[in-house]
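To keep things clear, I will list the structure first and then write my remarks on it.
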Amino acid sequence: MSLVELMAQADERGLAAGGLACLDRCVPLLGGDDEVLRPLWAALVDDGEEWGERVAKIRGELSPAGGPEPDSDGGGSEEVALLARRMLDAVPERRSGDGLREWAEVCSVSALRIHQLLDPLDAGGDDSVAACREGRTEGASHLVAAELRRQIVVLELLAQHGAAGLRQALGVATEGRRVLRAVVSRRARGARR
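Numbers in my numbering are just positions in the sequence shown, counted from 1, shifted up by 124.
Rendered as structure tokens:
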């Protein structure tokens with residue numbers, strides 16, 4: 125099943141986990157530490173209590189004025205920073221309804237595009253991101269294909285296990301964050317040479 129099909133079938137918790145996992149993988153681009161999104165992961169276990177308050181607090185912690193500038197990787201990719209910021213800004217105030225679906229879509233597309241921009245071997249554009257999401261992965265770089273797999277795995281875990289799949293989904297996000305951090309670090313070293 126393609127990512128687009130999985131997202132169409134996902135319930136609210138699945139959509140929230142999908143969007144949050146994408147954002148979590150891209151937190152290094154926002155200057156955040158590995159634990160900054162934990163309160164939102166915890167909110168996925170309950171019925172969304174205090175979701176809005178937690179979102180506001182996290183936005184404050186990740187604001188450019190309160191921490192490192194986004195995209196401090198030395199690679200000069202302004203679009204990467206803007207895409208990461210877009211994911212954070214799009215988090216809905218309530219963990220329900222159409223807002224979650226829209227956010228999950230924004231996060232999915234943005235995370236794939238970020239991975240595409242960070243991969244020097246991928247010359248694709250927005251069209252190839254859309255094709256990947258629909259299951260047409262010919263020509264996708266390793267980095268983009270791996271991000272696509274992570275997005276699919278998170279949605280499958282939540283579809284199969286509900287709230288019990290959240291721990292594994294968080295593990296998938298953590299692994300992806302490590303990969304992204306390594307890619308950003310390599311780019312920064314390359315830019316300094």
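We put the CB at the ideal spot given by N, CA and C, even for glycine. Note that the structure is predicted; figures quoted are calculated from it, not measured.
- Within its own chain, the residues whose Cβ lies closer than 6 Å to the Cβ of W175, once the five positions on either side in sequence are excluded, are A167, R219, listed in chain order.
- Between L186 and G223, the C-beta spacing is not below 8 Å.
- Within 10 angstroms of the beta-carbon of S309 lie fewer than 16 other beta-carbons, which makes it exposed.
- Within the same chain, Cβ atoms closer than 6 Å to the Cβ of L139 are found at L224, R225, A228, the five residues on either side in sequence being excluded.
- The C-alpha of H239 lies about 15 Å from the C-alpha of T298.
- Spanning the alpha carbons of R178 and V303 requires a straight line of approximately 26 Å.
- The C-alpha of A287 lies about 36 Å from the C-alpha of E202.
- The alpha-carbon separation between E136 and G142 amounts to approximately 10 Å.
- Rounded to whole angstroms, the Cβ separation of S126 and G259 is 4 Å, and the two are in contact under 8 Å.
- Around the CB of A205, 16 or more other CB atoms lie within 10 Å, so the residue is classed as buried.
- In the DSSP annotation of this structure, the continuous segment of the alpha helix (DSSP H) that includes G143 starts and ends at 136-149.
- Classified as exposed, L245 has fewer than 16 neighbouring CB atoms from the shown chains inside 10 Å of its CB.
- In the structure shown, A228 adopts helical secondary structure according to DSSP, grouped into three states.
- DSSP places M211 in the uninterrupted alpha helix (DSSP H) bounded by 202-213.
- Judged by DSSP in its simplified three-state form, S126 adopts coil rather than helix or strand.
- Here the C-alpha atom of R257 lies approximately 23 Å from the C-alpha atom of R305.
- Cβ contact annotation for V277 (same chain, cutoff 6 Å, sequence separation greater than five): V296, in chain order.
- Taking a contact as a CB-CB distance under 8 Å, the pair A269 and T261 counts as one, their CB atoms being some 6 Å apart.
- About 12 Å separates the beta carbons of R210 and S232, which is beyond the 8 Å limit, so they are not a contact pair.
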